[in-house]
Amino acid sequence: MIHIPDFANATPVQIIFCFLSFITLITFCFLSFITLITAFLAIFSRNPIHSALYLVICFFTIAGHYLLLNSQFLAIVHVIVYSGAIMILFLFTIMLMNLNKQNEVHKPRITRLGAIVSFCLICIVLILIFINSKPIEGEYIATGEDYQSIKVLGRVLLNEYMVPFEFASILLLTAMIGVVLLSKKEKTEK
703 MIHIPDFANA
713 TPVQIIFCFL
723 SFITLITFCF
733 LSFITLITAF
743 LAIFSRNPIH
753 SALYLVICFF
763 TIAGHYLLLN
773 SQFLAIVHVI
783 VYSGAIMILF
793 LFTIMLMNLN
803 KQNEVHKPRI
813 TRLGAIVSFC
823 LICIVLILIF
833 INSKPIEGEY
843 IATGEDYQSI
853 KVLGRVLLNE
863 YMVPFEFASI
873 LLLTAMIGVV
883 LLSKKEKTEK
């Protein structure tokens, strides 16, 4: 049920707050609409380059949702990691695969029907899970810290989670060295 405020007895601060919450709702609905449209276009587009571009737009609108939740750091990381690195990886993969419409195999109608039925079943299961979910019980500890802050995130990562953070960096370094060694071996064999 939508609460309609009494503007005759409202203070200017209440009117401004109501207006800002309305703008936030409109922005959320607009971003959600664009996210859903570009996600479906990324799935159903026949051109792989267009699919990748639709996916980039979808990632940017998801970053907009993070901004609405007042999580600026997560929005920036999402844009850098997903829209930057992963989409470049997708585009290079698409270009190296040299996908053409002539090479595309036409799928029978039963495959499309199976995909639609699977999608509908997954949607039904997710809706049932959402309906039966319960709110988180328990109260948050009020310490006065802003957990969205980059300063707090850095302190937690480099104090409490120092060892897993270093293991992740060593794992990434090992993966980069392995890729360089594998590419050098392939060049020397040719």
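The opening residue of the sequence shown carries number 703 in my numbering; numbering runs sequentially from there. We treat Cβ as the ideally placed atom computed from N, Cα and C, and that holds for glycine. Predicted model only: the values in this text are computed from it and were never measured.
* Asked: Between Cys769 and Ala777, what straight-line distance do the alpha-carbon atoms span, to the nearest angstrom?
  -> Going by the sequence as given, residue 769 is Leu instead of Cys. Approximately 6 Å between the Cα atoms of the pair.
* To do: Measure the C-alpha to C-alpha separation of Ile718 and Ile745 and round it to an integer number of angstroms.
  => C-alpha separation (whole angstroms): 40 Å.
* Taking just the CA atoms, how far does Ile725 sit from Phe735? -> Straight-line Cα distance between these residues: approximately 15 Å.
* To do: With Asn834 as the anchor, note down where its alpha helix (DSSP H) starts and where it stops.
  => From DSSP, the alpha helix (DSSP H) with Asn834 extends over Arg811 to Asn834.
* Verify the contact flag: Gln774, CB atom, against every heavy atom of the ligand GTP, threshold strictly below 8 Å. => Only the bare structure without any ligand can be found here, which leaves the ligand GTP out of the picture.
* For Leu904, which three-state DSSP category applies? -> Here the chain comprises residues numbered 703 to 892, so residue 904 is not present and cannot be evaluated.
* **Phe762 versus Ser820: straight-line alpha-carbon distance, rounded** => Computed Cα separation, rounded: 27 Å.
* Taking all protein chains shown into account, decide if Ala765 is buried (16 or more other Cβ within 10 angstroms of its Cβ) or exposed. => Buried is the call here.
* Asked: Cβ atoms of Leu743 and His752: under 9 Å apart, would you say?
  -> Cβ distance < 9 Å, so His752 and Leu743 count as in contact.
* Asked: Can you tell me whether DSSP reads Thr713 as helix, strand or coil?
  -> When secondary structure is reduced to three states using DSSP, Thr713 falls in the coil class, being assigned neither helix nor strand.
* Val715 versus Ile782 - alpha carbon distance -> When rounded, the distance between both Cα atoms is 37 Å.
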